[in-house]
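Here's the structure, in structure tokens; my notes come after.
Protein chains: 2
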Amino acid sequence: MAQSEHDRREVADKLHSAAIHLLRYARNKDVLSQEGPARLSALSVLVFLGPMTLGQLAAAEQVKPPTMSRIVAGLKASGLAKVEGDSGDARRIRVSATARGERLLQEARERRIRLLAETLEDVRGPQMFILRQAAEIIEQALRRTK
Amino acid sequence: MAQSEHDRREVADKLHSAAIHLLRYARNKDVLSQEGPARLSALSVLVFLGPMTLGQLAAAEQVKPPTMSRIVAGLKASGLAKVEGDSGDARRIRVSATARGERLLQEARERRIRLLAETLEDVRGPQMFILRQAAEIIEQALRRTK
DNA sequence: CTAATTAATTAGCATTGCTAACGAAATATA
DNA sequence: TATATTTCGTTAGCAATGCTAATTAATTAG
Numbered sequence: 191m192a193q194s195e196h197d198r199r200e201v202a203d204k205l206h207s208a209a210i211h212l213l214r215y216a217r218n219k220d221v222l223s224q225e226g227p228a229r230l231s232a233l234s235v236l237v238f239l240g241p242m243t244l245g246q247l248a249a250a251e252q253v254k255p256p257t258m259s260r261i262v263a264g265l266k267a268s269g270l271a272k273v274e275g276d277s278g279d280a281r282r283i284r285v286s287a288t289a290r291g292e293r294l295l296q297e298a299r300e301r302r303i304r305l306l307a308e309t310l311e312d313v314r315g316p317q318m319f320i321l322r323q324a325a326e327i328i329e330q331a332l333r334r335t336k
Numbered sequence: 191m192a193q194s195e196h197d198r199r200e201v202a203d204k205l206h207s208a209a210i211h212l213l214r215y216a217r218n219k220d221v222l223s224q225e226g227p228a229r230l231s232a233l234s235v236l237v238f239l240g241p242m243t244l245g246q247l248a249a250a251e252q253v254k255p256p257t258m259s260r261i262v263a264g265l266k267a268s269g270l271a272k273v274e275g276d277s278g279d280a281r282r283i284r285v286s287a288t289a290r291g292e293r294l295l296q297e298a299r300e301r302r303i304r305l306l307a308e309t310l311e312d313v314r315g316p317q318m319f320i321l322r323q324a325a326e327i328i329e330q331a332l333r334r335t336k
């Protein structure tokens, strides 16, 4: 069954709106970590995907290298990430999360998730299943597009 | 059937991640409008909820008044919003979208939606239904929490 | 009529996005 | 091999967006 263009756009619009509202709500807790959203996001990439070069990190975060250069400098200054030279190519650097960075990220993540979970408190079993599937469908669709 | 705390957190985490990725992807097209995301978002509030004071707009966007003051100044400078004195309380201002603001917003919105709709191209009927329901469940849950 | 509150702005700071220009290192080519 | 090109990261400088503190003007309370 082919989906009509109209249906797809309507769902796209609703999803976009819901995503904005969900993140705006979750954002409030990130303030507690004393680190900005760009740094937390980059840190989470380092924690979950492991060490990588600055360019790879910039690509993963979809920002330009100069932007990531400053984000990494900030993480380094806060002791959340460390930077080593790449063995084999002296132009590259190897960025990785420190133990403190991993801890801080898990805490920030905990807070966000707890906040969102409270919001979902009244959502019942079948609806929870729908949400779980929806998240999976979205990620798959985005992966395909990339 | 009571949802376990563990399940709720897992779904919250997945939704958070999916929302981040979805918005990061959609963001790219907003560049075309030559207006930043904060201005487009404020403009959309004006377009869909109608004229309001600066304080109301700040509250709707969950930012502080000085931030909104500058956003409104930007919109005004671009001819996308206009500002009038409030009849009855000279401290207040009445902010509203101009015709050009409405047009630009619809165009930016169109681009975003079209981009996301393309991403959902391969999503079939039943899954589309899940996404539609998910968006609704999220909005409802957030409305209850607010 | 004064005092307190409220609405918006201004000033100043930090973060985060960009492009342009640069330096250093690696790779391709003549 | 020597030079040219490409690649990687940084620096400099701009704009947008978030904040708090302090100011101004208007309204409301006492």
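Sequence order for the protein chains is A and B.
Reminder that position 2 of the first sequence reads as 192 in the working numbering, one-by-one numbering, no gaps.
Reminder that position 113 of the second sequence reads as 303 in the working numbering, one-by-one numbering, no gaps.
C-beta: ideal position from N, C-alpha, C; glycine also.
- The straight-line gap separating the alpha-carbon atoms of T309 (chain B) and Q296 (chain A) is approximately 31 Å.
- Sequence-distant Cβ neighbours of G245 (chain B) in its own chain, meaning closer than 7 Å and more than five residues away, are P255.
- Counting along the chain, E251 (chain A) sits inside the alpha helix (DSSP H) bounded by residues 244 to 251.
- Residues of the region 202 to 230 of chain B that bring their beta carbon within less than 9 Å of a beta carbon in chain A comprise A202, D203, K204, L205, H206, S207, A208, A209, I210, H211, L212, L213, R214, Y215, A216, R217, N218, in sequence order.
- Nearest in C-alpha terms to L332 (chain A), of all of B:D203, B:S223, B:F319, B:A216, is B:A216.
- Look at the beta carbons and you see the region 311 to 325 of chain A not touching the region 275 to 283 of chain A: under three pairs across the two are nearer than 8 Å.
- Under the Cβ criterion of 7 Å, M242 (chain A) is not counted among the residues facing chain B.
- Taken atom to atom, the span from the alpha-carbon of A209 (chain B) to that of T288 (chain B) is near 31 Å.
- When DSSP assignments are scanned along the region 231 to 299 of chain B, the uninterrupted stretches of alpha helix (DSSP H) that are 4 or more residues long and fall wholly within it turn out to be 244 to 251, 255 to 267.
- The straight-line gap separating the alpha-carbon atoms of R214 (chain B) and R293 (chain B) is approximately 24 Å.
- For the pair of segments examined, the region 256 to 266 of chain B was found to touch the region 220 to 240 of chain B: the number of CB pairs separated by less than 8 Å reaches three.
- Close CB contacts of L212 (chain B) within its chain, under the 8 Å cut and outside five residues either way in sequence, are with L306 (chain order).
- Contact annotation, E251 (chain B) with V235 (chain B): C-beta distance approximately 6 Å; criterion of less than 8 Å satisfied.
- Burial state of G269 (chain A) is exposed, judged by a 10 Å Cβ sphere holding fewer than 16 other Cβ atoms.
- In this structure L205 (chain A) is not in contact with A298 (chain B), their Cβ atoms being roughly 17 Å apart against a cut-off of 8 Å.
- By the Cβ-count criterion, G240 (chain B) is exposed, with fewer than 16 other Cβ atoms from all chains shown falling within 10 Å of its own Cβ.
- The C-beta distance from L321 (chain A) to V313 (chain B) rounds to 16 Å, too long to fall under 8 Å, and the pair is not in contact.
- Interface flag for E297 (chain B) against chain A is unset, since no Cβ pair is found closer than 7 Å.
- Judged by DSSP in its simplified three-state form, R229 (chain B) adopts helix.
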